[in-house]
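> Structure provided below as structure tokens; questions to follow.
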Amino acid sequence: MTFKILVVDDEKNIRMGLGKSLELEGYEVYLAENGNEAMKEMLKTSIDLVVTDLRMPGMSGEELLKKISNAYPTVPVIILTGHGTVETAVDAMRNGAFDFLTKPVNLDRLGLLVKRALSTRKLVAEHQALQKEVERLEKKKKQSMIGRSGALNRVLGLVDQVAQTKVSVLITGESGVGKEVVADAIHNASNRKDQPFIKVHCAALTESLLESELFGHEKGAFTGASTQRKGRFELADGGTIFLDEIGEINPSVQIKILRVLQEKTFERVGGEKSITVDTRIIAATNRDLMAEVEKGNFREDLYYRLNVVNINVPPLRERKDDIPLLASSFLNQFSEENEKPIEGIDPKASSLLYNYSWPGNIRELRNCMESAVVLSKKPIIGPDDLPPAVRSSEEEGVIRIELGSTMAEAEKQIIRQTLKGVNNNKSRAAEILGIGRKTLHRKIHDYGLEEEFLTRG
Ligand SMILES: Nc1ncnc2c1ncn2[C@@H]1O[C@H](COP(=O)(O)OP(=O)(O)OP(=O)(O)O)[C@@H](O)[C@H]1O
Ligand SMILES: [Mg+2]
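To convert, note that position 385 of the sequence shown is 792 in the working numbering; the numbers rise steadily by one, no gaps.
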């Protein structure tokens with residue numbers, strides 16, 4: 408596909424000169440001598456990028472920039488400015504210009520900027536494609552688990568495998584990774600899906616309350632027990648019980664749960680009659696339960712009974728491929744909820760989201776997107792709409808490599824960031840990295856970086 412570039416300048420020689428040079432680089436060039444003509448051309452042709460002079464009679468370059476970034480927020484605009492007007496250029500950057508060049512225009516530099524801006528535009532287009540995919544996924548199944556990483560697919564595979572069985576499942580993973588979502592998914596994919604799904608937040612209840620919550624109580628079992636009450640295990644009969652934060656329960660309740668697992672029976676608090684239930688147990692914890700067993704805080708026999716199948720949900724930083732999809736999905740959700748049309752996330756913000764380590768995992772990403780939607784003043788989320796922690800995830804001149812990365816991932820990041828840092832100058836990058844150009848080209852190929860760093864130059 409040939410990119411279409413619109414060059415706007417009131418001076419004919421400059422307009423033609425820039426046009427020629429861009430044509431020689433293989434772009435399809437359109438010319439306009441003022442802002443009005445430029446806007447007409449934008450309507451007629453699906454322009455991919457605009458290069459415009461700042462000072463023009465009639466509509467100024469600034470006004471044109473504003474019009475374009477409102478009407479076509481994904482089209483990058485490169486500003487040309489005479490000497491001494493760098494300040495205006497900086498203002499223009501603030502108003503959304505992709506970059507600026509001072510006149511007389513250095514054609515090599517223009518070529519580079521155009522290339523960079525267009526690869527950025529490709530990212531935005533990719534994002535829009537992602538959003539379509541998200542919409543499709545969301546339509547397919549409301550409340551489905553969003554993601555496409557290998558790690559998430561493994562989780563989904565396990566969910567499928569265990570759903571139809573009655574085995575106990577222990578879901579582990581850091582806070583906010585989606586353990587509860589996995590529990591929902593198991594129940595919903597099981598043949599118990601039309602039966603009750605009862606959740607118990609074990610950490611929120613005191614020892615005696617938890618016991619009567621789980622197993623119920625007879626009338627007069629303790630002060631205040633004025634009527635008989637069924638417990639959650641009974642309520643979940645035929646269905647599934649989800650014991651969230653199982654690591655927090657104390658030994659006396661542990662032993663009772665063990666008995667339910669082994670014999671499927673229990674007594675209500677203050678009662679003698681044994682009650683038998685057919686309840687499927689799913690438990691979750693963000694603790695290292697084995698370590699708690701070793702410390703003597705958690706019964707080993709219960710641990711093994713609960714942990715017939717373990718589903719570990721990896722932290723978001725270990726499945727970064729899910730970030731763009733999740734971010735788009737939350738964006739759609741909150742944009743709808745707040746009745747605020749947001750079209751997407753600009754490339755800089757996308758890259759910040761991607762590079763951040765998300766200690767609070769998906770919950771943190773969700774909150775971040777919610778506040779971004781609420782705070783954003785533009786239809787596209789930019790870096791300024793993100794919380795400070797996320798914003799500082801990409802420091803100038805620093806290459807970040809997440810703990811837990813493989814050598815190959817680390818190498819890919821180093822090559823990627825170095826190429827970015829030297830504007831895709833391959834010889835310079837090879838020199839910095841201390842490898843030969845051929846090796847660099849091979850690695851660019853191996854790591855699938857060609858798209859990002861078009862192989863000329
Ligand atoms: N794959 C996913 N797709 C879409 N939303 C998700 C996904 N995973 C998690 N979420 C959302 O992220 C938030 C946190 O998920 P959840 O409550 O299941 O985490 P958790 O692991 O149980 O956390 P905690 O240990 O703090 O209880 C929820 O709002 C949930 O809807
Ligand atoms: Mg939870």
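Cβ atoms here follow ideal geometry from the backbone N, Cα and C, with glycine treated the same way.
Quick caveat: nothing in here was measured; it's all calculated off a predicted structure.
In whole angstroms, give me the CA-to-CA distance for T527 and K586.
Those two C-alpha atoms are separated by around 35 Å.
> Given the structure, does K606 come close to ligand 2, in the sense that its CB is under 6 Å from one of the ligand's heavy atoms?
Answer for K606: no, Cβ out of range of ligand 2.
> Counting pairs of beta carbons, one from the segment 719–733 and one from the segment 777–785, are three or more of them closer than 8 Å?
As far as the Cβ criterion goes, the segment 719–733 does not touch the segment 777–785, which means the pair count is below three.
> Look at the alpha carbon of P483 and the alpha carbon of V589, and state the distance between them as a whole number of angstroms.
Computed Cα separation, rounded: 41 Å.
> Tell me whether R773, by its Cβ, gets closer than 6 Å to a heavy atom of ligand 1.
Yes - ligand 1 has a heavy atom lying nearer than 6 Å to the Cβ of R773.
> Using 7 Å as the threshold, is the C-beta distance between T647 and F705 below it?
No, the Cβ-Cβ distance between T647 and F705 is not below 7 Å.
> Could you name the residues that DSSP lists as bridge partners for V716?
Partner(s): V576.
> Distance, Cα to Cα, R675 vs R639?
If you take the alpha carbons of R675 and R639, they lie about 11 Å apart.
> Which residues mark the beginning and the end of the beta strand (DSSP E) in which I412 is found?
It spans K411 to V415 - the beta strand (DSSP E) in which I412 sits, taken as one unbroken run.
> Compute the beta-carbon to beta-carbon distance between E771 and G583, rounded to the nearest angstrom, for a pair I have assumed lies under 8 Å.
6 Å between Cβ atoms; contact.
> How big is the Cα-Cα spacing for A428 and L514?
Per the sequence shown, residue 428 should be read as Ser rather than Ala. Looking at the two C-alpha atoms, the distance is approximately 7 Å.
> Have a look at N719 and G645 and give me their C-alpha separation to the nearest angstrom.
Going from the Cα of N719 to the Cα of G645 covers about 26 Å.
> Tell me the rounded alpha-carbon separation between Y437 and R823.
If you take the alpha carbons of Y437 and R823, they lie about 33 Å apart.
> For I806 versus D753, is the C-beta spacing smaller than 7 Å?
No.
> Alpha carbon to alpha carbon, what distance is there between I664 and F376?
This structure gives no information on residue 376, because the portion of the chain shown stretches from 408 to 864.
> For ligand 2, is there a heavy atom less than 6 Å away from the beta-carbon of E655?
Result no, Cβ not under 6 Å from ligand 2.
> Would you decide whether I656 is buried or exposed? Buried here means 16 or more other CB atoms lie within 10 Å of its CB.
I656 comes out buried.
> Strictly by DSSP, which residues pair up with K606?
Looking at the DSSP assignment, K606 forms a beta bridge with F649.
> Could you give the DSSP three-state label for R422: helix, strand or coil?
The answer is helix: DSSP assigns R422 an H, G or I state.
> V458 lies in the beta strand (DSSP E); which residues open and close that run?
Unbroken beta strand (DSSP E) run through V458: L456 to D460.
> How big is the Cα-Cα spacing for N717 and A817?
Cα to Cα, N717 sits roughly 29 Å from A817.
> With a cut-off of 8 Å, do at least 3 Cβ pairs link the segment 457–472 to the segment 410–425?
Counting Cβ pairs under 8 Å, three or more are found: they touch.
> Which two residues bound the contiguous beta strand (DSSP E) that contains A691?
It spans R687 to T692 - the beta strand (DSSP E) in which A691 sits, taken as one unbroken run.
> From this set, L793, L471, P480 and G751, which residue's C-alpha is nearest S736's C-alpha?
The shortest Cα separation from S736 among L793, L471, P480 and G751 belongs to G751.
> Less than 7 Å between the C-beta atoms of I486 and A499, yes or no?
In this structure, A499 lies closer than 7 Å to I486 by Cβ.
> What are the start and end residues of the beta strand (DSSP E) that includes L856?
Careful: L856 lies outside any beta strand (DSSP E) and carries neither H nor E.
> Step through the CB atoms of chain C and report whether any lies within less than 7 Å of the CB of I788.
No chain C appears in the structure shown, which is made up of a single protein chain.
> Give me the Cα-Cα distance between N693 and S812, rounded to the nearest whole angstrom.
Those two C-alpha atoms are separated by around 22 Å.
> Starting from F640, trace the beta strand (DSSP E) in both directions and tell me its first and last residue.
It is not in any beta strand (DSSP E) - F640 instead sits in the alpha helix (DSSP H) that spans R639 to L642.
> If you scan the segment 506–555 from start to end, which runs of the alpha helix (DSSP H) of 4 or more residues do you find wholly inside it?
List check, alpha helix (DSSP H) in window: 514–547.
> Look at L565 and N714 and say whether their C-beta atoms are less than 7 Å apart.
No, Cβ-Cβ distance for L565 and N714 is not below 7 Å.
> Using a Cβ-Cβ cut-off of 8 Å (strictly less than) and excluding sequence neighbours within five positions of R599, which residues of its own chain qualify?
Hits under 8 Å: G645, G646, T647 and R687.
> Beta strand (DSSP E) containing S659: first to last residue?
Element bounds for S659: not the beta strand (DSSP E) but the alpha helix (DSSP H), P658 to E670.
> For the alpha helix (DSSP H) holding S735, just list the boundary residues, first then last.
Start and end: D729 to E744.
> How would you write the range of the beta strand (DSSP E) that L487 sits in, first residue to last?
From DSSP, the beta strand (DSSP E) with L487 extends over V484 to T488.
> Excluding five sequence neighbours on each side, which residues of the same chain lie with their C-beta closer than 6 Å to the C-beta of E440?
The answer, listed in chain order, is D417.
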